[in-house]
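Engineer: In numbering that gives the first Met the number 0, the protein residues as written are 0 to 405. All C-beta atoms, glycine included, are put in the ideal place defined by N, C-alpha and C. Computed from a predicted structure; not experimentally measured.
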Amino acid sequence: MASSSDTRLVHKKTEFDDWRSLSLGIYMALVGYAVMVGLPVISTAWVDKLGFTEIQVGRVAGADLYGLGIGAIIAFFVVARFDRRMLTIAAASVAIMANILCIYFQDYDVTLYLRLAAGIGAGVYTGIAVATIGGHSRPAFAFGLELFAFAFSQAAELKFLPYLTIEGMYMAFAGAFVVGLLFIGWLPRRPADAALDVEVDVAEPTGDHHVEHQRVPRYVPWLVLGAVMFTYINIGAYWTYIELATVDSAASPEWVADMLVYTSFFSLVGCLFAVLLSNRYGLSKPLLVTLVFQASIVAMLLFGITDMTVMISMFAFNFCWIFVDIYQAATISNVDRSGRYVALLPAAQGIGNGLGPNIAATVLAWGLGYNGVFIMCAAASIIAMFIYLYMYLMLKKKIPALADAS
Numbered sequence: 000m001a002s003s004s005d006t007r008l009v010h011k012k013t014e015f016d017d018w019r020s021l022s023l024g025i026y027m028a029l030v031g032y033a034v035m036v037g038l039p040v041i042s043t044a045w046v047d048k049l050g051f052t053e054i055q056v057g058r059v060a061g062a063d064l065y066g067l068g069i070g071a072i073i074a075f076f077v078v079a080r081f082d083r084r085m086l087t088i089a090a091a092s093v094a095i096m097a098n099i100l101c102i103y104f105q106d107y108d109v110t111l112y113l114r115l116a117a118g119i120g121a122g123v124y125t126g127i128a129v130a131t132i133g134g135h136s137r138p139a140f141a142f143g144l145e146l147f148a149f150a151f152s153q154a155a156e157l158k159f160l161p162y163l164t165i166e167g168m169y170m171a172f173a174g175a176f177v178v179g180l181l182f183i184g185w186l187p188r189r190p191a192d193a194a195l196d197v198e199v200d201v202a203e204p205t206g207d208h209h210v211e212h213q214r215v216p217r218y219v220p221w222l223v224l225g226a227v228m229f230t231y232i233n234i235g236a237y238w239t240y241i242e243l244a245t246v247d248s249a250a251s252p253e254w255v256a257d258m259l260v261y262t263s264f265f266s267l268v269g270c271l272f273a274v275l276l277s278n279r280y281g282l283s284k285p286l287l288v289t290l291v292f293q294a295s296i297v298a299m300l301l302f303g304i305t306d307m308t309v310m311i312s313m314f315a316f317n318f319c320w321i322f323v324d325i326y327q328a329a330t331i332s333n334v335d336r337s338g339r340y341v342a343l344l345p346a347a348q349g350i351g352n353g354l355g356p357n358i359a360a361t362v363l364a365w366g367l368g369y370n371g372v373f374i375m376c377a378a379a380s381i382i383a384m385f386i387y388l389y390m391y392l393m394l395k396k397k398i399p400a401l402a403d404a405s
């Protein structure tokens, strides 16, 4: 077996490298993830404007994010088989209709099912989006651009959503899907490559090079997706309850609201460092360190919630979130050029995001308080780290070029 020092992955340029394809993929991803990003504000609006309890908020948020996961699972089965433009139109239509119906049916039981439907439409839509971004010949760069844009959209969303009524929020989500459909002609209809097949450039002792096709073990993308799920259990619970956790603390409500916006921009620093570190150290090693650090900064809140700890936690959390997202998305894009497994990223994220608020709601129902929630969040991040460590060690034996790929 060749070592990682004399092998490297080969990525051919395709129509997915076109700036229009990449731009639309990025926009679609931002729209698909919009509800997830806005959960701190939306959760508060559900409590203040619709009278939902904290536990009901966890259930409704979980339904939306479970729907995101279900939709992405649907995308897994169809994204490499059918016309992606038609799939996008169908998915966007479901999301638009569900969001509009939420305006007219606002009681808890109906909202629960409508948010599930909206999530399913968004999940298929987002699965196609990330498959489009992942088709780029430089996936870490492409997802870095997406998350760079994500930082601005996150800040804008958290800044302006509080000025809207709950009806206005639903209309904003529906309108964003409509705008994407105007540029549907930029979307590639089919994948460019087969699934789980990588090309490796091998350097021979003579100095010549040859390209080998190597099959990626089927367990590799599933390990990545499992780690993504645990990572987003942490993210989903933290992001749903971080603002509510500060209500009876020493932290100022105005300060917390400002931090939700301003710390989003720190993600830009995360994008830059993530790409630079990936170019030098590959994807796996920085990812392992980042997951441990993310667990630490969540656990820090166990020692007290103040203006200072909220600021540190939110800045660090956004920084780590970007790191983890770029590395996870680029890793699975490296092993799957067809977009099938890449399309499952929102599923793993959605399931994790759905489990996170629901597990947190259960922890609260057991009377363990927000300290219990933060312990659960930290544990989920550590589990994700151990899954990646196992995957990395296995790939070092089988396809070292993939283990240390950037």
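Determine the direct distance from the alpha carbon of L267 to that of G441, and round the result to whole angstroms.
Structural biologist: Nothing about residue 441 can be read from this structure; the chain reaches only from 0 to 405.
Engineer: Exposed or buried, A44, counting other C-beta atoms within 10 Å across all chains shown (16 or more means buried)?
Structural biologist: Label assigned to A44: buried.
Engineer: Which of the three DSSP states, helix, strand or coil, is assigned to K397?
Structural biologist: The answer is helix: DSSP assigns K397 an H, G or I state.
Engineer: Is it buried or exposed for D324, if we count other Cβ within 10 angstroms and need 16 for buried?
Structural biologist: Classification for D324: buried.
Engineer: Can you tell me the Cα-Cα spacing of E166 and A379, whole angstroms?
Structural biologist: The straight-line gap from Cα to Cα measures roughly 34 Å.
Engineer: For my contact list, R83 and L186 are in at a C-beta cut-off of 8 Å; report their separation, rounded to the angstrom.
Structural biologist: That pair is a contact at about 6 Å.
Engineer: By Cβ distance, which residues of its chain are closer than 6 Å to Y340, with the 5 residues on each side in sequence left out?
Structural biologist: Within the same chain, Y340 has close Cβ partners P220 and I331.
Engineer: Would you check if the region 66–79 and the region 356–373 touch, i.e. whether three or more CB-CB distances between them fall below 8 Å?
Structural biologist: Cβ pair count under 8 Å is below three, so no.
Engineer: Please classify R217 as buried or exposed, where buried requires at least 16 neighbouring CB atoms within 10 angstroms.
Structural biologist: The residue in question, R217, is exposed, as its Cβ has fewer than 16 Cβ neighbours within 10 Å.
Engineer: Three Cβ pairs or more, each shorter than 8 Å: is that satisfied between the region 223–232 and the region 381–391?
Structural biologist: Contact holds: three or more Cβ-Cβ distances are below 8 Å.
Engineer: When we look at the beta-carbon of D335 and count the other beta-carbons within 10 Å, is it buried (16 or more) or exposed?
Structural biologist: Counting Cβ neighbours within 10 Å, D335 comes out buried, since at least 16 surround it.
Engineer: Going by DSSP, what residue range makes up the alpha helix (DSSP H) through F147?
Structural biologist: Per DSSP, F147 belongs to the alpha helix (DSSP H) from P138 to F159.
Engineer: Whole angstroms is fine: what's the gap from L160's alpha carbon to S42's?
Structural biologist: The straight-line gap from Cα to Cα measures roughly 11 Å.
Engineer: Contact check, I25 vs E145 under 8 Å by CB: the rounded distance?
Structural biologist: That pair is a contact at about 5 Å.
Engineer: Taking the alpha carbon of I350 as the point to measure from, which residue in I69, Q153 and P138 has its own alpha carbon closest?
Structural biologist: When each option's Cα is compared against that of I350, the closest is I69.
Engineer: Flag this pair as yes or no: are the beta carbons of A347 and Y231 separated by less than 8 Å?
Structural biologist: Yes.
Engineer: From what residue to what residue does the alpha helix (DSSP H) around S295 run?
Structural biologist: Per DSSP, S295 belongs to the alpha helix (DSSP H) from S283 to A298.
Engineer: Examine chain B for any beta-carbon lying closer than 8 Å to the beta-carbon of F104, and answer yes or no.
Structural biologist: As a matter of chain content, chain B is missing from the structure shown, which is built from one protein chain.
Engineer: Would you call the region 88–104 in contact with the region 118–132, where contact means no fewer than 3 C-beta pairs closer than 8 Å?
Structural biologist: Short answer: they touch.
Engineer: What's the C-alpha gap between P190 and G50?
Structural biologist: So the alpha carbons of these two residues sit roughly 46 Å apart.
Engineer: So, under 8 Å CB-CB, L38 and A60 are touching, yes? Tell me the CB distance rounded to an integer number of Å.
Structural biologist: About 6 Å; that satisfies the 8 Å criterion.
Engineer: Using the C-alpha atoms, what's the distance from D106 back to G133?
Structural biologist: One C-alpha to the other measures close to 39 Å.
Engineer: Could you give the DSSP three-state label for L301: helix, strand or coil?
Structural biologist: Helix, per DSSP.
Engineer: Could you work out which residue in A328, G353 and N352 is closest to P342 when comparing CA atoms only?
Structural biologist: It is worth fixing the name first, because residue 342 is Ala in this sequence and not Pro. It is A328 whose Cα lies nearest to the Cα of A342.
Engineer: In this structure, how does DSSP classify Q327 when only helix, strand and coil are distinguished?
Structural biologist: In this structure, Q327 counts as helix in the three-state DSSP scheme.
Engineer: Kindly indicate which residue of F140, I398, A359 and S152 has the alpha-carbon position closest to the one of G57.
Structural biologist: G57 has its Cα closest to that of A359, out of F140, I398, A359 and S152.
Engineer: Closest by CA to Y261, which one among T52, L67, F142 and F314?
Structural biologist: Of the listed residues, the one whose Cα sits closest to Y261 is F314.
Engineer: Give me the Cα-Cα distance between I321 and F149, rounded to the nearest whole angstrom.
Structural biologist: Approximately 9 Å between the Cα atoms of the pair.
Engineer: Just the C-alpha distance for I73 and A141, rounded to the nearest angstrom, thanks.
Structural biologist: So the two alpha carbons sit approximately 24 Å from each other.
Engineer: Looking at V291 and C376, is the spacing between their C-beta atoms short of 8 Å?
Structural biologist: Taking 8 Å as the Cβ cut-off, C376 and V291 do not qualify as a contacting pair.
Engineer: State yes or no: is the C-beta of M299 within less than 8 Å of the C-beta of S283?
Structural biologist: Their beta carbons are not under 8 Å apart, which means M299 does not touch S283 by this criterion.
Engineer: Apart from the five residues on each side of it in sequence, which residues of its chain come closer than 7 Å, Cβ to Cβ, to V129?
Structural biologist: Counting only Cβ-Cβ distances below 7 Å, and skipping sequence neighbours, we find A28, A328, V341, A342, L344 and P345.
Engineer: Between the beta-carbon of T361 and the beta-carbon of I304, is there less than 8 Å?
Structural biologist: No, these two residues do not count as a Cβ contact at 8 Å.
Engineer: Helix, strand or coil, according to DSSP, for T43 in the structure here?
Structural biologist: If DSSP states are grouped into helix, strand and coil, T43 belongs with the helices.
Engineer: Sorted by chain position, which residues of the same chain lie with C-beta nearer than 7 Å to L310's C-beta, five sequence neighbours on each side aside?
Structural biologist: The identity of residue 310 in the sequence shown is Met, whereas the question assumes Leu. Excluding residues within five positions, the ones whose Cβ falls inside 7 Å are M258.
Engineer: Express the C-alpha separation of F318 and I381 in angstroms, rounding to a whole number.
Structural biologist: Using only the alpha carbons, I get a separation of about 17 Å.
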